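Peer 1: The structure under discussion is supplied below as structure tokens; questions concerning it will follow.
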Amino acid sequence: MLLETKKLQVSYGRIEAVDQVSVSVEAGEVVAVLGANGAGKSSLLNAIYGLVGARGGEVYFEGKKLPARSTHARIKSGLALVPEGRRILVSLTVDENLRLGAYGRRDTSNLEDDLDAIYGRFSNLRDRRHMLASALSGGEQQMLAIGRSLMAKPALLMLDEPSLGLSPKLVGELFELLRELNEDGLSILLVEQNTHKALQLAHRSYVLELGRCVAAGTPDELLRHGKIAEAYLGHSNEVTH
Amino acid sequence: DDELVLGYVTAKTGPFVSLAKTNEIAAQMAVDEINANGGINGKKLRLETFDSAGKPEQAVVGVRTLAKDKNVLGIIGPFSSSEARVAFPIAERLKVVTMSMASSAPRLAEPFKYAFRNTSNEGYMFAQLMKILAEESIPSNNAAIAYATDDTISKVMGTAVFPAIFEKTGTDVKAVVTFKLSAFDFSPQVSQLVSKPTDLVAVGAPPEQAIKLVTELRRQGHEGRLVAGSTIAAPDLPERMGKAGNNTTLPTTFFANLNDRTKAFSEVFGRRARAEGERTLPAQFDAATYDIVLFFAHAMEQANVTGDPGKLEDERAAIRDHLAAMRNFPALEGEISFDPDGDALKPVYIVEIRDGEWNLLGAQPLEQ
Amino acid sequence: MSGYVEGILVILLLNVIFAYAVYWPLAAGQLNLGVAGFVGIGAYVSAYASNEFGIPPYIACVGAGFVAFALALVIAVPVLRTKGIYLALATFAFGQVLQSLFLNLEIVGGAAGYPVISYIGVGGIAVCTAAVFLITAFLDRTRFGLNMVAVHDDEAVSDLFGINVRAYQALAFALGAGFAGFGGALYGHHFSYIEPQNYSILFSISIVLFVLLGGTQTVVGPLVGAAFFTLLPEVLRGSEEWRYAIFAVCIIVIMIPRPQGLITSDQLSALRQFLVRDRLREERHG
Amino acid sequence: MADQPILSLDCVSKSFGGLNVIKNLSFDVRCGQRTALIGPNGAGKSTVFNLISGVFPVNSGRISVNGNDITNVPSRKRMKLGVSRSFQNIRLVQHLSVLENVLVGQTPRVTSLGDILYPIRMTSGSHWQCEAMEVLERAGLAAFARDHVGNLPYGVQKQIEIARALLGGADILLLDEPAAGLNPQETEDLSTRLHQIADSGTTIVVVEHDMQFVGAFCEYVVVLNFGEMIAEGTPQEVRRDPHVIEAYLGSDVA
Amino acid sequence: MLEQQLINGLMLGGIYVLVAVAFTLTIGILNFLNFSIPGIFMLSGVFTWFLLKSGVHWALALAGAIAIGAAASFVVERFTYRWMRSSDHYVPLVSSMGFLILFENLVLVQWGSDLQRVVTPFADLNIRPGSLVISIPQLVSLVLAVCLVAGLQQLLQRTQMGRALRAIAENATTAEILGIGVVSLVPAVFVIGGLFAALGGMLFALNYQQVHPFMGEEVALKGISAMVIGGMGNVWGSVLGGLLIGIVEVLSIHFLNADFVDFTVYGLLLLILFFKPTGLLGASKIVREKF
Ligand SMILES: Nc1ncnc2c1ncn2[C@@H]1O[C@H](COP(=O)(O)OP(=O)(O)OP(=O)(O)O)[C@@H](O)[C@H]1O
Ligand SMILES: Nc1ncnc2c1ncn2[C@@H]1O[C@H](COP(=O)(O)OP(=O)(O)OP(=O)(O)O)[C@@H](O)[C@H]1O
Ligand SMILES: [Mg+2]
Ligand SMILES: [Mg+2]
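Set out below in structure tokens:
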């Protein structure tokens, strides 16, 4: 077991954002977390990453219990997060943003190669590498956020709605990239609103509702679960008005 | 009660604690001595203290508190001109005598009937200084003036007192430079002075600025004698100026080695100050505060005050009248009278720093 | 009233006015470190008007407030070209220039200061302070206050929604300056003496401290801050020379859990929610 | 009337530094037409919105709304002339409640000093407040009215932005990626809601990457690539356009 | 005489430069308005006096004074920045001012408000080429400031640490997400800033041979002005601003008089800001998030 949360609890004041949620990611696995707005998906990732304090429960990574609220330690042990809202450093250039992605990384020998690989993936970024990140378009910022997290060379990558703001073509490419990375051994914990794509990629997934885990299983199992499928997959796709 | 209470507004915190704080030792010495001699009109004298932290608004709070809540017969203090300026009007309104020991800005007490100051006239004092320089045939043919522009008394020294008196003594003023109280770098001013060397450099400033100026003068090689008003008369000036301070000459209203009484005072003061961990040399403001207690005690005695809260207003007025009428009172600082403005007229001592020590050049008793 | 209470009350009331003088610019995101200069303008204008032309003190005070307001509107044009710390420093520099102007203005006494003849007592000041507070509280509840928050949080979006950002920033700056001038005038008439040394950067900073400590997000913040700054040293009077050191420690310790100040808008809305929340919760999740 | 363009861009160009972001772009939006502006990332869609709302000046070309040339009108006054917008990255006023944020949206219609100095945050009965509450209710946000916006779920914040933009009384609503971050169910709700708004007479222009949403909601689509229009037409038409597939949709959507 | 005045101005500017750099390190780099710097400057000055007076060997005394300044700065970080990052830029003003008040009052309680005379073990701390006088401590502070600034500039622009610092300045939480050890890097910046301020205070004490509890304030006001004139975050700007203020101050005393010093120095600051709202060398672009 690569990552495991045990009865994780996050609350803001009296709001229980994450209520006793236990999820796990095996090495080499892609796990998706689904749920409506405000279900607590981001809170779950943030708590795993140590950005918000958990009120209860534990997080284990590679069998070791992670200390509360130490992002630094998590990155050192191989976690990376593409945060919700991109969190680009707008006063730095694209290149500097990417380089900072490798900040916590021990082995910096292939840094330039990795940088080139990312520029190869996202040509928009290559063209703008010396521009301030503030000038990037929304989608370009999203690419930068993803690229930056890849620079860390993590063992487990957590992505919070990575397809947000990307063009359909790039969404396709992004999921292709994630699949390739996964095949190369990267484990992935994915929060996505693009449920179809997420379920195509994921080996297993969890569904959160008002902070609670209400369903879990393989994509097939979930798709068979009528109510869930309707709520999160938008069965009535062809809207007629 | 068999107590007579005097209020005392002082600064126990804030920017000039070092000058003001020891005043309390002197004031308490006076009170203790009076009480040891049987008190006033058979009653013990007591001080009621209020800390103004050197802030004008707080000085007003002090006067109000002491006058209205503590029913004091008179108030000693406040220390600085800024405080006295706002404290005097309120004291006038509350009809209680306030006597400051250090606020030497000109004509501060003039508009008020209840405001007094045990400070001396700088113009008179500096004239005495020049007279004694001449008597001692110390070269004083030409002079430069340096003063702080943002401090009332310093500016008065620089723009009125020094020029007028140099005019009278025929001293040639070759340069005038100015600085701000907050200045720490005097190199531009001194470079100007160095280019026209003079026998004297007259400085209108508090002690700190005089120390900085003299240090810089010597660094740039100016050898002129520093002369000043009593504003820079800090007792530990010789030590604080170091070698650079040699020959510095100034007038003061208190000289510790003057006579047996001042020596005795200095000794007791030193003992008490050491016990409290303060500066052991009495400053002129310490002596002035000591004398203020004596003035009040004398006036209270004369006015036969009882301390009865019912008669407070009358007794305060009586104290004021007796203070205003005081002539040639044998105080620690010498024989002292009050002029119609409420300012003290007192003797002047001209002192000079020589080898790290104060040295009396001459004394000038009060000219009525 | 006891003399002590009266004395402290006057200081408190004036500090409250000064706090609102700093509050308004801060509400629009400007740190005015030159507020002492505007206090001085008010004090001198009002003192001069009442001394030389016999204008009744209250009218002189209000008039002085308007003079400071007008001056601030004019100076706001170049000052508002700057932002953030640059703006703070520009106002600081302006305050220093004003102070040296007072020092050199011999018709109002220069360095020697200037006596003020007509007197305003504690009662008058209390009424004036209440007026300043009510004006502030009222404005805060209007669209003016609403738009001010919008300008503070996001200039670009405010502009797109039709708010004249520059005008709001200039008004906030000038309104603060007007209050500063008004407070300064009252100070002069109460303490009967004004001198340039009063209007230093240290004075400006101390007022800014009240407001930041009290909290800039709500109207009551500055009031609480001014009260705290005025009364805590009084409470600590017994600690003699340690007084201000202890005071400083209190400030540091308070800011640790409450960096946004003692009173914040979250807190107030949480309080309100606490009173009405359960119904809302049910509605939402029901 | 319906044929007359309510918004028209005429040879508009914009460059940043040396980078030509919009190149001689011209297109019209007809009154009441639900239009989408789509294109790859960095194509210049948000920039077009920024030019229309006046965040940046154009380098050349003309923009007109309702037949008025607004090219040189300051951004602050454009909402009064009929264009209102939401933002790709949520830009709500953090220190205000939901209701107050929506009240800010009314600013372009507030003209009298009396309205500016009316204690609107103290009372709840004014017509401004009633109107704002009504819009919130219709968006299903009434329960959040008094909450601070900062901590609300992303989807809710997006809807507040739309409500705020709506209250300016503008004829044209520019929505930058309104469906981003919403799940399919929520996207459907949004679509329904926008249909209502459009039916009440507001012209809606969206920038959106969710083709499902574009297909369901829009009548007309303009496709940008590198600042130039590469296709326009109905959703069905552009979906089949090989240029669009190549540059934007990618093979698997087609 | 004018040559001497120019030297005076440059030397005075050197002190401002050190303080300006100390400011720019926390404001320009960390976006943290740190008003404890005058307090640190003063502490190290006062300790220079105290240690020398207590008979400690001069080398030890000077090192000790600087160490105390740096340590004080470390303590300041512990109780301020750590708790209030990512709030409005002026919020830290309060508690850092709190530290200034605290430091001043602690010295006040311990040693009083008097100006204390620093007795140095050196006979004459000046070099005197011809009729000119140049103070060695001031010369040292100028040269040192320029060298340190050059190094610092390299560090900030070229290294991963520099990028990390700029990341923290923009958004500490984002920096944390990237694994930047905010809790270890920031104290380092404070300590470096403290070193600059302390060095300034120590050299001030040696040069002017005077210390007192409020000695930091005036210098700090000029130092912060120097930083702003030069442009925040740009360390060379601080050098330029410091020297400019020093020279303007000296020349206005020379040609006008002390009354005009504030007029000219702060008037200059005001004018520069009116025409160049981000300082002489400051970035003219204000970075903001895109719509
Ligand atoms: N900092 C915060 N303070 C208070 N409440 C918060 C905070 N962050 C989130 N919440 C609340 O916690 C709940 C869960 O939020 P979270 O962001 O984890 O949801 P989510 O599933 O990621 O939603 P979305 O799909 O919109 O991103 C929501 O009700 C939200 O309003
Ligand atoms: N202020 C600016 N300075 C320099 N370049 C800019 C600026 N604003 C936008 N750009 C560039 O212009 C291009 C268009 O940006 P825009 O935000 O309009 O894209 P977009 O079509 O909205 O893309 P997305 O779908 O990713 O949001 C981008 O490549 C961006 O880098
Ligand atoms: Mg989320
Ligand atoms: Mg965009």
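Chains as they are written, first to last, in this note's numbering: chain A, 301 to 541; chain B, 344 to 711; chain C, 103 to 388; chain D, 1111 to 1364; chain E, 349 to 639.
Just so it is clear, CB atoms sit at the ideal spot from N, CA and C, and this is done for glycine as well.
None of these values were measured; they are calculated from a predicted model.
Beta carbon of Val57 (chain C), beta carbon of Leu364 (chain C): below 7 Å?
Peer 2: The shown model of chain C, from 103 to 388, leaves out residue 57 (chain C), and the question about it has no answer.
Peer 1: In chain order, what residues of the same chain lie with their CB nearer than 6 Å to the CB of Pro440 (chain E), ignoring the 5 residues before and after it?
Peer 2: Hits under 6 Å: Phe380, Leu381, Thr428, Met432.
Peer 1: Determine the contact status of Val176 (chain C) and Gly615 (chain E), defining contact as a CB-CB distance below 7 Å.
Peer 2: No.
Peer 1: Tell me, please, whether the CB atom of Gly510 (chain E) is closer than 7 Å to any CB atom in chain B?
Peer 2: So, not an interface residue.
Peer 1: Please determine whether the Cβ atom of Val1131 (chain D) lies at a distance below 6 Å from any heavy atom of ligand 2.
Peer 2: Yes.
Peer 1: When you compare each of A:His430, A:Met451, A:Gly439 to Asn410 (chain A) by their alpha carbons, which one comes out closest?
Peer 2: Nearest option by C-alpha distance: A:Met451.
Peer 1: Go ahead and pull the three-state DSSP assignment for Gly1360 (chain D).
Peer 2: The answer is coil: DSSP assigns Gly1360 (chain D) none of H, G, I, E or B.
Peer 1: Can you give the beta carbon distance from Phe527 (chain B) to Lys555 (chain B), rounded, assuming they're within the 8 Å contact cut?
Peer 2: Yes, Phe527 (chain B) and Lys555 (chain B) are in contact; Cβ-Cβ is about 6 Å, under 8 Å.
Peer 1: Sorry if obvious, but does the Cβ on Ile315 (chain A) come closer than 6 Å to a heavy atom of ligand 1?
Peer 2: Ile315 (chain A): yes, Cβ under 6 Å from ligand 1.
Peer 1: Going by the C-beta, is Lys1155 (chain D) closer than 6 Å to any heavy atom of ligand 4?
Peer 2: Yes; taking the cut-off as 6 Å, the Cβ of Lys1155 (chain D) has a heavy atom of ligand 4 nearer than that.
Peer 1: Who are the neighbours of Pro97 (chain C) on chain E, taking C-beta pairs under 9 Å?
Peer 2: This structure leaves residue 97 (chain C) out entirely; chain C is present only between 103 and 388.
Peer 1: Please confirm if Pro383 (chain A) has its CB atom under 7 Å from at least one CB of chain E.
Peer 2: With 7 Å as the cut-off, Pro383 (chain A) counts as an interface residue toward chain E.
Peer 1: Does the distance between the C-beta of Glu1287 (chain D) and the nearest non-hydrogen atom of ligand 3 fall short of 6 Å?
Peer 2: No, Cβ of Glu1287 (chain D) sits at least 6 Å from all heavy atoms of ligand 3.
Peer 1: Can you give me, in chain order, the residues of the segment 476–506 of chain B that have a beta carbon less than 7 Å from any beta carbon in chain E?
Peer 2: Flagged, chain order: Thr492.
Peer 1: So which residues on chain C does Ile375 (chain E) lean against when the C-beta distance must stay under 7 Å?
Peer 2: The contacting residues are Ile187.
Peer 1: Could you name the residues of chain E that Arg183 (chain C) contacts, counting a contact when the two beta carbons are closer than 7 Å?
Peer 2: Near Arg183 (chain C) (Cβ distances below 7 Å), the residues of chain E are Phe622, Pro625.
Peer 1: According to DSSP, what are the bridge partners of Leu1285 (chain D)?
Peer 2: In the DSSP output, where bridge partners are listed per residue, Leu1285 (chain D) has D:Val1316.
Peer 1: Just curious, the beta strand (DSSP E) that Tyr457 (chain B) is in, first and last residue?
Peer 2: Run containing Tyr457 (chain B): none; DSSP gives neither H nor E here.
Peer 1: What is the rounded straight-line gap between the Cα of Arg369 (chain A) and the Cα of Ile375 (chain A)?
Peer 2: Cα to Cα, Arg369 (chain A) sits roughly 12 Å from Ile375 (chain A).
Peer 1: Along the chain, where does the beta strand (DSSP E) containing Cys513 (chain A) start, and where does it finish?
Peer 2: Start and end: 512–517.
Peer 1: Exposed or buried, Asn464 (chain B), counting other C-beta atoms within 10 Å across all chains shown (16 or more means buried)?
Peer 2: Buried, because 16 or more other Cβ atoms sit within 10 Å of the Cβ of Asn464 (chain B).
Peer 1: Report the rounded CA-to-CA distance for Tyr122 (chain C) versus Asn414 (chain B), giving the unit in angstroms.
Peer 2: Cα to Cα, Tyr122 (chain C) sits roughly 36 Å from Asn414 (chain B).
Peer 1: Exposed or buried, what is Asp462 (chain E) when buried is set at 16 or more other beta-carbons lying within 10 Å of its beta-carbon?
Peer 2: Looking at its Cβ environment, which holds 16 or more other Cβ atoms inside 10 Å, Asp462 (chain E) is buried.
Peer 1: Are the C-beta of Ile375 (chain A) and some C-beta of chain E separated by less than 7 Å?
Peer 2: With 7 Å as the cut-off, Ile375 (chain A) counts as an interface residue toward chain E.
Peer 1: Just to confirm my understanding: we take Ile1272 (chain D), look at its own chain, exclude 5 residues before and 5 after, and list those with CB closer than 6 Å. What are they?
Peer 2: Correct list, in chain order: Ser1196.
Peer 1: Could you please tell me which residues of the segment 1300–1329 of chain D, in chain order, have their CB closer than 8 Å to any CB of chain A?
Peer 2: Taking 8 Å as the Cβ-Cβ cut-off against chain A, the residues of the segment 1300–1329 of chain D that qualify are Ser1301, Thr1302, His1305, His1319, Met1321, Gln1322, Ala1326.
Peer 1: Using only alpha-carbon positions, find the residue among B:Glu559, B:Gly613, B:Ala687, B:Thr365 that is nearest to Asn474 (chain E).
Peer 2: Answer by Cα proximity: B:Glu559.
Peer 1: Cβ of Tyr312 (chain A) versus every heavy atom of ligand 1: is any distance shorter than 6 Å?
Peer 2: It does: the Cβ of Tyr312 (chain A) is within 6 Å (strictly closer) of some heavy atom of ligand 1.
Peer 1: On the three-state DSSP scale, how would you describe Gln320 (chain A)?
Peer 2: Of the three classes helix, strand and coil, the one that applies to Gln320 (chain A) here is strand, per DSSP.
Peer 1: In the DSSP assignment, the beta strand (DSSP E) including Glu346 (chain B) goes from what residue to what residue?
Peer 2: Glu346 (chain B) -> beta strand (DSSP E) spans 346–353.
Peer 1: Classify Glu538 (chain A) as helix, strand or coil using the three-state DSSP reduction.
Peer 2: Interpretation of Glu538 (chain A) is limited by its pLDDT of 34, a score under 50 that renders its predicted location unreliable; no figure is taken from the coordinates.
Peer 1: Return the residues of the segment 1252–1276 of chain D that lie within a Cβ-Cβ distance of less than 7 Å from chain A, sorted by chain order.
Peer 2: Cβ contacts with chain A come from Asn1261, Pro1263, Tyr1264, Gly1265, Val1266.
Peer 1: Assuming Ala434 (chain B) and Ile419 (chain B) are in contact, meaning their beta carbons sit under 8 Å apart, how far apart are those beta carbons, in whole angstroms?
Peer 2: The pair is not a contact, with the Cβ atoms about 12 Å apart (cut-off 8 Å).
Peer 1: Helix, strand or coil for Val467 (chain E) per DSSP?
Peer 2: Correct three-state label for Val467 (chain E): coil.
Peer 1: What first and last residue would you give for the beta strand (DSSP E) that runs through Val310 (chain A)?
Peer 2: It spans 303–312 - the beta strand (DSSP E) in which Val310 (chain A) sits, taken as one unbroken run.
Peer 1: Taking 6 Å as the cut-off, is the beta-carbon of Tyr1264 (chain D) closer than that to any non-hydrogen atom of ligand 1?
Peer 2: Result yes, Cβ under 6 Å from ligand 1.
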